[in-house]
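Q: In the working numbering, the protein residues as written are 81 to 638. Virtual Cβ for every residue (Gly too), placed ideally from N, Cα, C. It should be emphasised that the depicted structure is a prediction, and the values quoted were computed from it without experimental measurement. Take this structure first; my questions come after.
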């Protein structure tokens with residue numbers, strides 16, 4: 081597709097004051113703004129991020145030390161080292177498979193009849209909403225628990241209300257940081273990349289170098305343990321399946337690059353690079369961190385029932401001593417805090433885009449004029465993450481349930497557009513392709529990704545501890561059921577009258593790789609028109625919204 085022409089006079093008045101500066105930008109920023117305006121949106125958010133920051137936010141939210149550190153106990157009890165290490169490899173492969181399908185989503189969106197679009201977009205958006213809220217809760221609550229455990233080394237007494245208090249303080253910190261502005265977040269982003277790479281790598285090397293003894297390769301890759309209580313009631317395969325939640329929960333959030341597309345320069349190239357690189361780099365770093373911990377364990381029994389109360393902290397203390405272990409834990413706490421902060425960033429952009437399309441209250445469709453940040457949705461993200469953690473006051477497995485909710489919600493929203501695309505005319509599905517596509521592998525990968533997400537959705541709704549009672553029940557199915565019920569009631573009750581959803585467009589000249597940011601955006605809208613934008617998060621303005629005098633190029637088809 082050739083470069084876009086400058087905005088017309090009738091269109092220019094609907095752009096933000098930053099547009100004049102955008103027209104002078106040498107790296108294609110004017111194209112991003114122009115395409116955004118073609119969809120009827122102002123450039124309200126500041127485009128200050130490069131491909132590096134786009135990679136950084138997804139890399140920081142995946143945050144291998146967050147998922148592995150906070151879920152390490154689950155892996156040890158549900159399958160042990162063998163399930164954790166081999167499970168990481170298998171989950172990484174399946175995630176990359178789903179990601180390659182996302183790159184060819186232009187084929188999918190063109191194959192979907194417009195009649196199926198609005199409801200599909202509405203469903204997908206709400207599952208992404210659930211996953212976004214759940215993942216922030218899991219990250220920050222896991223950090224609060226880890227901080228309390230480290231503080232207990234110095235005499236701090238851990239209680240559920242105190243952990244909730246730490247959780248609230250961390251969320252308020254994340255909310256305040258996110259209200260400052262995108263430029264400060266960019267600097268923090270680069271710092272996060274440094275800490276997550278150099279910091280974690282240093283811990284891994286130090287663990288392997290200083291550990292008094294090391295586990296054998298057989299113990300790390302081929303040893304099975306079951307401390308979940310399911311051994312008498314279920315097969316080892318069942319226990320192992322619940323244990324892969326560690327890996328699957330860790331490798332989530334890579335759609336953050338897409339959520340930040342409206343704030344990224346040359347988003348059509350930067351956002352796909354951010355998604356692909358974040359998953360690839362996290363897979364390698366995560367495996368190194370995981371096996372470093374497993375090889376450095378000074379005994380399974382002392383780690384699964386740690387004196388410190390947290391398995392990873394126990395490994396740090398066993399290897400480095402109390403002071404050295406506290407120092408290593410401090411690096412992990414910084415990483416998890418950054419992860420939580422950027423998760424709020426991603427949440428706020430998804431919620432903002434969803435409200436802009438009128439799926440949420442219109443009051444949240446607001447950008448602060450001074451900071452050019454959607455401040456209202458920032459604090460909505462904070463509030464939701466706090467509320468979702470409250471069940472931990474009376475439920476010992478609340479954290480596992482929240483991680484399941486996050487994983488299920490996000491992956492359903494990732495794969496739902498692909499699954500719908502598979503159901504329709506394959507001749508049309510294959511006829512429209514851009515320079516990048518998976519060719520003969522496109523449909524097989526889509527089938528694998530869809531089947532895999534259905535599989536993990538069922539697995540992560542299962543209880544992880546036996547016997548099952550009110551304290552150990554996995555409440556993830558309840559959350560998913562509530563979302564399904566809400567979507568059906570709200571859609572047929574009122575939303576179908578004003579939620580217009582996706583529109584058809586001509587994709588013959590579009591590079592599917594440029595569409596990745598719209599595919600994984602907040603509502604994951606199956607919105608072909610978004611592909612023309614390279615960077616918009618959301619779409620679907622109504623005719624009334626577009627009637628304000630903006631000149632919208634005729635890219636839509638019937």
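1. Can you determine whether any heavy atom of the ligand SAM sits closer than 7 Å to the C-beta of residue 417, and answer yes or no?
2. Return the CA-CA distance between residue 456 and residue 320, expressed in angstroms with no decimal places.
3. Run through DSSP, which three-state label would residue 158 get?
4. Alpha carbons only, please: which of 482, 291 and 341 is nearest the one belonging to residue 376?
5. Indicate the three-state DSSP secondary structure (helix, strand or coil) for residue 108 in the structure shown.
6. Just to confirm my understanding: we take residue 396, look at its own chain, exclude 5 residues before and 5 after, and list those with CB closer than 7 Å. What are they?
7. Classify residue 303 as helix, strand or coil using the three-state DSSP reduction.
8. Classify residue 312: buried if its beta carbon has 16 or more other beta carbons within 10 angstroms, exposed otherwise.
9. Thinking C-alpha only, which one of 155, 247, 419 and 444 is nearest residue 428?
10. Name the two residues that bound the continuous alpha helix (DSSP H) containing residue 425.
11. Looking at C-alpha atoms only, which residue of 374, 568, 253 and 226 is the closest neighbour of residue 458?
12. My output table needs one value for residue 574: the three-state DSSP class, helix, strand or coil.
13. Helix, strand or coil for residue 344, going by three-state DSSP, please let me know.
14. Once the 5 residues before and after residue 573 are set aside, which same chain residues still bring their CB inside 6 Å of it?
15. Run the CB neighbour count on residue 287, radius 10 Å, all protein chains shown included, and call it buried at 16 or more, exposed below.
16. Considering just the uninterrupted stretch of the alpha helix (DSSP H) at residue 471, what are its terminal residues?
17. From residue 147 to residue 570, what does the alpha carbon distance come to, in whole angstroms?
18. Should the stretch 379-395 be called in touch with the stretch 149-161, which here means at least 3 C-beta pairs below 8 Å?
19. Just how far apart, CA to CA, sit residue 464 and residue 366?
20. State the start and end residues of the unbroken alpha helix (DSSP H) segment that holds residue 140.
21. Check whether the stretch 418-435 and the stretch 231-249 touch, using three or more Cβ-Cβ pairs below 8 Å as the test.
22. May I have the straight-line CA-CA distance separating residue 132 from residue 350, to the nearest angstrom?
23. Looking at residue 416 and residue 271, is the spacing between their C-beta atoms short of 8 Å?
24. Using 8 Å as the threshold, is the C-beta distance between residue 238 and residue 129 below it?
25. With a 10 Å radius around its C-beta and 16 neighbouring C-beta atoms as the bar for buried, classify residue 276 as buried or exposed.
26. According to DSSP, is residue 313 helix, strand or coil?
27. Assess contact between the stretch 329-339 and the stretch 541-554, defined as three or more Cβ pairs (one per stretch) separated by less than 8 Å. Is contact present?
A: Looking at the coordinates:
1. Inclusion of the ligand SAM in the displayed structure is not the case, the ligand content being empty and no account of it being possible.
2. Counted from its first residue, the chain shown places residue 456 at position 376. Counted from its first residue, the chain shown places residue 320 at position 240. So the alpha carbons of these two residues sit roughly 41 Å apart.
3. Counting from 1 along the chain shown, the entry for residue 158 is found at position 78. Residue 158 falls in the strand class under three-state DSSP.
4. Position 296 of the chain shown, counting from 1, holds the residue named residue 376. Selected option, being the one with the closest Cα: 291.
5. Position 28 of the chain shown, counted from the start, is the residue given in the question as residue 108. Only weak support is given to the placement of residue 108: the predicted model assigns it a pLDDT of 43, under 50, and the value that follows is read from those uncertain coordinates. Coil, per DSSP.
6. Taking the chain shown and counting its residues from 1, one reaches residue 396 at position 316. Answer for residue 396: 405, 408 and 409, listed in chain order.
7. Taking the first residue of the chain shown as 1, we reach residue 303 at position 223. Here residue 303 sits in coil by DSSP.
8. Working through the chain shown from its first residue, we reach residue 312 at position 232. By the neighbour-count rule (16 or more Cβ atoms within 10 Å), residue 312 is not buried but exposed.
9. Residue 428 sits at position 348 when you count from the first residue of the chain shown. The option with the nearest alpha carbon to residue 428 is 444.
10. Counting from 1 along the chain shown, the entry for residue 425 is found at position 345. Note, residue 425: alpha helix (DSSP H), 391-436.
11. Counting from one through the chain shown, the residue named residue 458 turns up at place 378. Measuring from the Cα of residue 458, the nearest candidate turns out to be 253.
12. For the purposes of this step, residue 574 is taken as the residue at position 494 of the chain shown. In this structure, residue 574 counts as coil in the three-state DSSP scheme.
13. Residue mapping note: residue 344 aligns to position 264 of the chain shown, counting from 1. Annotated three-state conformation of residue 344 is strand, per DSSP.
14. Looking up residue 573 in the chain shown gives position 493. Excluding residues within five positions, none has a Cβ falling inside 6 Å.
15. Position 207 of the chain shown, counted from the first residue, corresponds to residue 287. Taking all protein chains shown into account, residue 287 has 16 or more neighbouring C-beta atoms within 10 Å of its C-beta and is therefore buried.
16. Locating residue 471 in the chain shown gives position 391, counting from the first residue. Here residue 471 belongs to no alpha helix (DSSP H), and DSSP marks it neither H nor E.
17. The sequence position of residue 147 within the chain shown is 67, counting from 1. The sequence position of residue 570 within the chain shown is 490, counting from 1. The alpha-carbon separation between residue 147 and residue 570 amounts to approximately 34 Å.
18. A contact between stretches requires three or more CB pairs, one per stretch, nearer than 8 Å, and the stretch 379-395 meets this requirement with the stretch 149-161.
19. Counting from one through the chain shown, the residue named residue 464 turns up at place 384. Counting from one through the chain shown, the residue named residue 366 turns up at place 286. Approximately 28 Å, taken between the alpha carbons.
20. As a working note, residue 140 is residue 60 in the chain shown. Here the alpha helix (DSSP H) through residue 140 covers 131-142.
21. no
22. Counted from its first residue, the chain shown places residue 132 at position 52. Counted from its first residue, the chain shown places residue 350 at position 270. Taking the Cα positions, residue 132 is about 8 Å away from residue 350.
23. Mapped onto the chain shown, residue 271 falls at position 191. Mapped onto the chain shown, residue 416 falls at position 336. Not closer than 8 Å, so no.
24. As a working mapping, residue 238 is identified with position 158 in the chain shown. As a working mapping, residue 129 is identified with position 49 in the chain shown. Result no, Cβ atoms of residue 238 and residue 129 do not sit closer than 8 Å.
25. Start at 1 with the first residue of the chain shown, and residue 276 comes out as number 196. Burial call: buried.
26. Within the chain shown, the letter at position 233 stands for residue 313. In the structure shown, residue 313 sits in coil (DSSP, three-state: anything other than H, G, I, E or B).
27. no
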